[in-house]
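Protein chains in written order, with this note's numbering: chain A, 423 to 646; chain B, 423 to 646.
Backbone N, C-alpha and C fix where the C-beta goes; we use that ideal spot for every residue, glycine too.
There are 2 protein chains.
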Amino acid sequence: MKNELAVSSFFPFWEKMEQRHRELIESRTNRLELSPGRIIGGDDKSCLGLLLVINGRLKAFILSNQGREVSLYRLFERDNCLFTASCTMNNMNFEIQFEVEKKTSVYQIPPDVLEEVQSESVEMAQYIVNLMTSRFSEVMWTIEQILFKSLDARLAAALIEQQAIDESDELIITHDMLARQMGSAREVVTRTLNYLKSEGLVEIGRGKIKILDYNALYDMANRD
Amino acid sequence: MKNELAVSSFFPFWEKMEQRHRELIESRTNRLELSPGRIIGGDDKSCLGLLLVINGRLKAFILSNQGREVSLYRLFERDNCLFTASCTMNNMNFEIQFEVEKKTSVYQIPPDVLEEVQSESVEMAQYIVNLMTSRFSEVMWTIEQILFKSLDARLAAALIEQQAIDESDELIITHDMLARQMGSAREVVTRTLNYLKSEGLVEIGRGKIKILDYNALYDMANRD
Numbered sequence: 423m424k425n426e427l428a429v430s431s432f433f434p435f436w437e438k439m440e441q442r443h444r445e446l447i448e449s450r451t452n453r454l455e456l457s458p459g460r461i462i463g464g465d466d467k468s469c470l471g472l473l474l475v476i477n478g479r480l481k482a483f484i485l486s487n488q489g490r491e492v493s494l495y496r497l498f499e500r501d502n503c504l505f506t507a508s509c510t511m512n513n514m515n516f517e518i519q520f521e522v523e524k525k526t527s528v529y530q531i532p533p534d535v536l537e538e539v540q541s542e543s544v545e546m547a548q549y550i551v552n553l554m555t556s557r558f559s560e561v562m563w564t565i566e567q568i569l570f571k572s573l574d575a576r577l578a579a580a581l582i583e584q585q586a587i588d589e590s591d592e593l594i595i596t597h598d599m600l601a602r603q604m605g606s607a608r609e610v611v612t613r614t615l616n617y618l619k620s621e622g623l624v625e626i627g628r629g630k631i632k633i634l635d636y637n638a639l640y641d642m643a644n645r646d
Numbered sequence: 423m424k425n426e427l428a429v430s431s432f433f434p435f436w437e438k439m440e441q442r443h444r445e446l447i448e449s450r451t452n453r454l455e456l457s458p459g460r461i462i463g464g465d466d467k468s469c470l471g472l473l474l475v476i477n478g479r480l481k482a483f484i485l486s487n488q489g490r491e492v493s494l495y496r497l498f499e500r501d502n503c504l505f506t507a508s509c510t511m512n513n514m515n516f517e518i519q520f521e522v523e524k525k526t527s528v529y530q531i532p533p534d535v536l537e538e539v540q541s542e543s544v545e546m547a548q549y550i551v552n553l554m555t556s557r558f559s560e561v562m563w564t565i566e567q568i569l570f571k572s573l574d575a576r577l578a579a580a581l582i583e584q585q586a587i588d589e590s591d592e593l594i595i596t597h598d599m600l601a602r603q604m605g606s607a608r609e610v611v612t613r614t615l616n617y618l619k620s621e622g623l624v625e626i627g628r629g630k631i632k633i634l635d636y637n638a639l640y641d642m643a644n645r646d
């Protein structure tokens, strides 16, 4: 058996919690394997509870009534997926969905367990405040990008992010995927990509984009 | 002395809190009078703590580096202003600012008091979770409007909101103010207003807009 993250390692305050809370979490936590392409949330109204990402990748996004999608943030190993526990949140009236981007293993702490521990343990309640603040920050960052950044800077940022995820300068990505990521329209992305190409920063192929000048893209992304 | 909201009335769980926490809050809470036009947050880096709105009106907004402003939500009597306590939040790396829209009285619970109570009282920590979720929801609603709604529907919604705030069909508002509210550009707002005018829904004057057909605007705002 390989050395894997334990449930306790997700909670920095584990030792401070009462023993009955630790036992409750350990005895009721499940391990789930999520297949690529699966969507969590949305029509699937299941409230899974708090998911702790052991490995893999999830993408958080929102969807308009017309089906337009905007990516919000990604979750990797050691991240916690709080909004899959939305049924435990009184005042939450928006919906964040998740797409499993690659094979992902998670610990699942069921909603009733989360609620019980959170209502009795000040450490857990504080932890949830911090998690919420941290997700709120990521969403605000995305929103500020969408609202305030010029399109070329945003596209450059999206390409750099994708390069970091793929760990390669050859990105396997369509204009449509980029558009969803940026909360923009495909035609607009295509036009902006052609501009980056004309500047010699990228090469455009079918379903892929090659980064030719990473530093120039980086500067463009971080320009105000 | 007129009958006014007590600090305790802002916390539905007041009686459940330990006496030392109640005493700490009561002895350390200040009352502040905020003048219209004052901006809280931003350059003014003061961390006021948790503000409880006794009466008046505050507008929450974000500002881009280029100075573009987008309104997020408003706070009225009995609302709590959480993000003025941002210094108490570990993972918060975005900035929401507040504009005092009319003479406003608040109770101010200083950041150190909030931190102390929140780290010891599970009720207070849970309350902060709820408050955060509720603000997160308001921001997401605004964002979805900006991202997904067509401009005429958003303008109609903004006019209806203003009508509710002013309690009058004659809105004292400029195109520029509407643009900031909607996270759009002034020219775009002017163009869309002219469209609403041509449809007979509004009358446009200098610095004011008169609503002629509330029901049609309402339908437009709630159309998908």
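Neighbouring residues, chain B, relative to residue i (Cβ below 9 Å)
i	result
GLN540 of chain A	VAL544, ALA547, GLN548, VAL551
Option in the options with minimal Cα separation from residue i
i	options	result
MET546 of chain B	B:ILE565, B:GLU592, B:ASN515, B:LEU504	B:LEU504
TYR617 of chain A	A:GLY471, A:ASP574, A:GLU583	A:ASP574
ASN477 of chain A	A:ILE462, A:ARG496, A:SER606, A:SER468	A:ARG496
ALA586 of chain B	B:VAL610, B:TYR636, B:SER559, B:LYS571	B:TYR636
ALA579 of chain B	B:THR555, B:GLN548, B:VAL611, B:TYR549	B:VAL611
SER606 of chain B	B:LEU485, B:GLU523, B:THR510	B:LEU485
GLY489 of chain B	B:THR510, B:GLY464, B:VAL475	B:GLY464
ILE461 of chain B	B:GLN548, B:GLU621, B:LYS525	B:LYS525
PRO533 of chain B	B:GLU523, B:SER431, B:ASN452	B:ASN452
SER515 of chain A	B:GLU445, B:SER493, B:TRP563	It should be noted that the sequence gives Asn, not Ser, for residue 515 of chain A. Selected option, being the one with the closest Cα: B:TRP563.
ARG613 of chain B	B:ILE568, B:LEU454, B:LEU577, B:GLU521	B:LEU577
ASP641 of chain B	B:ILE518, B:ILE582, B:LEU615	B:ILE582
THR506 of chain A	A:ILE518, A:GLN441, A:GLN567, A:LYS571	A:ILE518
LEU427 of chain B	B:ARG500, B:SER457, B:PHE570	B:ARG500
VAL522 of chain A	A:SER431, A:PHE483, A:ASN512	A:PHE483
LYS571 of chain A	A:LEU472, A:MET604, A:MET439	A:MET604
GLY471 of chain B	B:SER493, B:PHE558, B:MET511, B:GLU566	B:MET511
SER493 of chain B	B:ARG444, B:ILE565, B:LEU615	B:ILE565
LYS668 of chain A	A:GLN584, A:ARG444, A:ARG442	This structure gives no information on residue 668 of chain A, because the portion of chain A shown stretches from 423 to 646.
ASN513 of chain B	A:ASN513, A:PHE520, A:TYR549	A:TYR549
Own chain, CB closer than 8 Å to residue i, minus 5 neighbours either side, in chain order
i	result
ASN552 of chain A	none
LYS630 of chain B	GLU592, LEU593, ILE594, ILE595
ARG450 of chain B	ILE531, PRO532, VAL535
SER541 of chain A	ALA547
LEU446 of chain A	VAL535, GLU538, VAL539
Listed by chain order, chain B residues near residue i by CB distance under 7 Å
i	result
MET514 of chain A	THR555, SER559
GLY478 of chain A	Ordered by position in chain B, no residue passes the 7 Å Cβ test against GLY478 of chain A, which lies about 23 Å from the chain.
Helix, strand or coil at residue i [DSSP, three-state]
i	result
LYS438 of chain A	helix
ASN637 of chain B	helix
SER493 of chain B	strand
ALA607 of chain A	coil
PHE432 of chain A	helix
LYS619 of chain B	helix
GLU521 of chain A	strand
ASN644 of chain B	helix
MET423 of chain B	Reliability of the predicted coordinates at MET423 of chain B is poor, the pLDDT of 44 falling under 50, and the value obtained from them is presented with this limitation in mind. If DSSP states are grouped into helix, strand and coil, MET423 of chain B belongs with coil.
GLU625 of chain B	strand
SER508 of chain B	helix
SER559 of chain A	helix
THR612 of chain A	helix
SER527 of chain A	strand
GLU589 of chain A	coil
Contact set for residue i: own chain, Cβ-Cβ below 7 Å, skip 5 residues either direction
i	result
ARG645 of chain A	ALA575
ARG608 of chain A	HIS597, ASP598, ALA601
LYS632 of chain A	ASP591, GLU592, VAL624, GLU625
MET423 of chain A	Confidence at MET423 of chain A is low in this model, with a pLDDT of 44, below 50, so the placement of that residue is unreliable and no value is reported for it.
LEU498 of chain A	Note that residue 498 of chain A is Phe in the sequence shown, not Leu. The residues are VAL475, ARG479.
GLU448 of chain A	VAL429
ALA643 of chain B	ALA575, ALA578, ALA579, ILE582
Alpha-carbon to alpha-carbon, residue j and residue i
i	j	result
GLU538 of chain A	MET554 of chain A	18 Å
ASN502 of chain A	PHE433 of chain B	29 Å
ALA666 of chain B	GLY622 of chain B	The structure shown has nothing for residue 666 of chain B, since chain B only spans 423 to 646.
GLU437 of chain A	VAL544 of chain A	13 Å
ILE568 of chain A	GLU491 of chain B	13 Å
SER556 of chain A	GLY459 of chain A	25 Å
MET439 of chain A	ASP588 of chain A	38 Å
LEU615 of chain A	PHE558 of chain A	30 Å
SER620 of chain A	GLY627 of chain A	14 Å
ARG442 of chain B	LEU473 of chain B	20 Å
Residues that residue i contacts on chain A, provided the C-beta gap is smaller than 9 Å
i	result
ILE484 of chain B	MET562, ILE565, GLU566, LEU569, PHE570
Nonlocal neighbours in the same chain, by C-beta distance under 6 Å from residue i, ignoring five residues either side
i	result
GLU560 of chain B	TYR495
CYS469 of chain B	CYS509, PRO533
LEU454 of chain B	VAL528, GLN530
Beta-carbon neighbours of residue i, restricted to chain A and to distances below 7 Å
i	result
MET511 of chain B	THR555
Under 8 Å by beta carbon: chain A residues contacting residue i
i	result
GLY605 of chain B	LEU569
- Short-range partners of chain D found in the stretch 489 to 501 of chain A, where Cβ spacing is below 9 Å: The structure shown contains no chain D; the protein chains it does contain are A and B.
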